[in-house]
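Below is one structure, written out as structure tokens; comments come after it.
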Amino acid sequence: MLKALVTDVDGTITDRRRRINTPAVEAVRTLIDAGVEVVFASGNTVCFMDGLCKMVGTDGTIIGENGGVYRRGFSGTLRVPGDKKACLAAFEVLNDYFAGKGVELELFGEQYRFADVAFARNIDPDEARAVIRDHDLSVRVLDTGFAIHLQTPGVSKGAALTALAREMGVSTDDMMAVGDSENDIEMLEAAGIGVAVRNAPPAVQAAADRVTEGAYGDGFVEAVKKYYPYLFSR
Ligand SMILES: O=C(O)COP(=O)(O)O
Ligand SMILES: [Mg+2]
119 MLKALVTDVD
129 GTITDRRRRI
139 NTPAVEAVRT
149 LIDAGVEVVF
159 ASGNTVCFMD
169 GLCKMVGTDG
179 TIIGENGGVY
189 RRGFSGTLRV
199 PGDKKACLAA
209 FEVLNDYFAG
219 KGVELELFGE
229 QYRFADVAFA
239 RNIDPDEARA
249 VIRDHDLSVR
259 VLDTGFAIHL
269 QTPGVSKGAA
279 LTALAREMGV
289 STDDMMAVGD
299 SENDIEMLEA
309 AGIGVAVRNA
319 PPAVQAAADR
329 VTEGAYGDGF
339 VEAVKKYYPY
349 LFSR
């Protein structure tokens, strides 16, 4: 029996422009009202996630900053496995490199982040990876389709999911995870059932147990209805 649903946010319960998919919100509320725990897992900041949890109606259990932070309920202790200093140092290296090519990097919500660094997708992530490699930096470059993130190794939504499952007293086998992007791969692998929505790139689809027919929020709703048919039979 699936006791918890862990879902990515951007690209999974939104459309391609990041507008929330309202049937996806309704599906989440149906799960919550039936006693299924719903966890949002995102590259976004804690404050963004808190607003989302309040307005959708979850208990505030979150994985944020690609697993760089996680928390059980609104009032739980915020765990911070990520290392923002290392990510910021790597960002400075990238910033200098791209400035030399006349390209300015635009940070996203830096003052609200505890663990990872996010910036606009106006550069090629593979070029950023090569620069990080050349400088021997121990930092991962993640492209979510909405932003580029820097994160320390070992930190992922999947690692946070495993730690959170322990705090929740739920086995990861009893969890379903849904996602759309490379920052979701470890989470899709860690959960008992991993579902990729149709817009996910091939490597993400390959990491999933199932890929939906529909894309974005429509794919999310399809997955929820598939695994919880009894909640949607009327
Ligand atoms: O913050 C991002 O870049 C993407 O967020 P997501 O993990 O909810 O897709
Ligand atoms: Mg996403």
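Going by our numbering, the sequence shown opens with residue 119, and the numbers climb by one from there.
Even glycine gets a Cβ: it sits at the ideal position worked out from N, Cα and C.
Source: prediction; values computed, not measured.
Same chain, Cβ closer than 6 Å to residue i, neighbours up to 5 away in sequence not counted
i, result
"T148", "L349"
"Y230", "T163 and C165"
"T176", "V156"
"F264", "D128"
"E245", "none"
"A248", "none"
"V342", "A145"
"G178", "C171, G191 and F192"
"Y188", "I181, R197, A278 and L282"
Inter-residue Cα distance where the pair is residue i and residue j
i, j, result
"V273", "P199", "7 Å"
"R197", "R135", "30 Å"
"E222", "C205", "18 Å"
"V329", "A142", "17 Å"
"E144", "V156", "12 Å"
"D201", "E304", "19 Å"
"Y346", "L282", "22 Å"
"A308", "A277", "8 Å"
"L170", "S193", "15 Å"
"V296", "L279", "12 Å"
"D261", "N301", "7 Å"
"D292", "A122", "7 Å"
"T270", "E228", "16 Å"
"F237", "R137", "19 Å"
"D242", "P319", "16 Å"
"R190", "D214", "38 Å"
"E285", "E210", "35 Å"
"A325", "I311", "11 Å"
"K275", "A321", "16 Å"
"V288", "L212", "40 Å"
"K203", "F216", "20 Å"
Classification of residue i by the beta-carbon crowding that lies within 10 angstroms, buried from 16 upward
i, result
"H267", "buried"
"R239", "exposed"
"S299", "buried"
"F158", "buried"
"G161", "buried"
"T125", "buried"
"T195", "exposed"
"M173", "exposed"
"D252", "exposed"
"K219", "exposed"
"G185", "buried"
Which of helix, strand or coil DSSP assigns to residue i
i, result
"R258", "strand"
"T290", "helix"
"F158", "strand"
"V143", "helix"
"G185", "helix"
"A281", "helix"
"L149", "helix"
"V124", "strand"
Residues near residue i by beta carbon distance below 8 Å, same chain, minus five either side
i, result
"Q323", "A314 and V329"
"N139", "I131, T132, D133, Y334, G335, D336, F338 and V339"
"E224", "F237, A238 and N240"
Own chain, CB closer than 7 Å to residue i, minus 5 neighbours either side, in chain order
i, result
"A208", "I250, L255, V257 and L268"
"M167", "F158, S160, I180 and G182"
Inset, instruction - Could you tell me which uninterrupted beta strand (DSSP E) segments, each at least 3 residues in length, are contained entirely in the segment 201-270, listed from first to last along the chain? - result: 235-237, 258-261 and 266-269
Legend entry - Uninterrupted beta strand (DSSP E) stretches inside the segment 290-341 (no shorter than 3 residues): 293-297 and 311-314
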